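Trainee: Residue numbers (our numbering): 37 to 150.
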Ligand code: HEC
């Protein structure tokens, strides 16, 4: 019994560690409806078939159907200047943290095929 307890304690500790961020993430999942209104301008570049900007012709990454956390991280990095792309920095800086979560909630709810 003694041995069993010492094996289990680290596992319980790990479970407690992970439970907190999971709960926090739930409250800040964002509002997809609010996000939908905000991504209207993004489609000019990101909504193009083949994910190329029409002119000048350059590749634009797919964002519809992306993972929520990935989108929040990417947009926050542009906002803070940790990613240097000038166009997306301007986009990121125009968004609040709530906007970013709402946008990510909407985009991650889309099917990846668009
Ligand atoms: C003027 C064109 C343009 C507009 C408008 C635009 N983007 Fe972008 N976006 C780009 C380009 C180009 C990249 C690739 C930048 C790079 O290489 O870092 C990018 C990258 C991204 C990425 C990172 C994707 C990845 O896989 O790393 C996200 C997320 C993103 N955009 C979201 C948005 C959102 C949300 C909006 C609207 C608020 C928006 N973009 C508006 C051109 C645009």
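Yeah, the Cβ is synthetic: ideal placement off N, Cα and C, and Gly gets one too. No experiment lies behind these values; they were computed from the predicted model shown.
Quick one: what does DSSP say residue 82 is sitting in, helix, strand or coil?
Mentor: Looking at residue 82 - three-state DSSP - the assignment turns out to be helix.
Trainee: Ordered along the chain, which non-local residues of its own chain (more than five positions away) have a Cβ less than 7 Å from that of residue 141?
Mentor: Result list for residue 141: 65, 66, 67, 68, 71 and 104, in chain order.
Trainee: Give me whichever residues DSSP pairs with residue 121 in a beta bridge.
Mentor: None; residue 121 has no bridge partner.
Trainee: Grab me the residues of residue 125's own chain with a C-beta within less than 8 Å of its C-beta, minus the 5 sequence neighbours each way, in chain order.
Mentor: So the qualifying residues of the chain are 114, 115, 117 and 119.
Trainee: At the level of alpha carbons, what is the spacing between residue 143 and residue 123?
Mentor: Each residue's alpha carbon lies about 19 Å from the other.
Trainee: Using CA coordinates, which residue listed in 74, 145, 133 and 81 is at the minimum distance from residue 109?
Mentor: Checked all of 74, 145, 133 and 81; the closest Cα to residue 109 is 133.
Trainee: Would you kindly report the start and end of the unbroken alpha helix (DSSP H) that includes residue 65?
Mentor: Segment: none, residue 65 is in no alpha helix (DSSP H) and carries neither H nor E.
Trainee: Assuming residue 147 contacts residue 79 (C-beta within less than 8 Å), just tell me the rounded distance between them.
Mentor: Not a contact, Cβ separation roughly 15 Å.
Trainee: Comparing C-alpha positions only, which one of 81, 96, 97 and 135 sits nearest to residue 112?
Mentor: Out of 81, 96, 97 and 135, 135 has the C-alpha closest to the C-alpha of residue 112.
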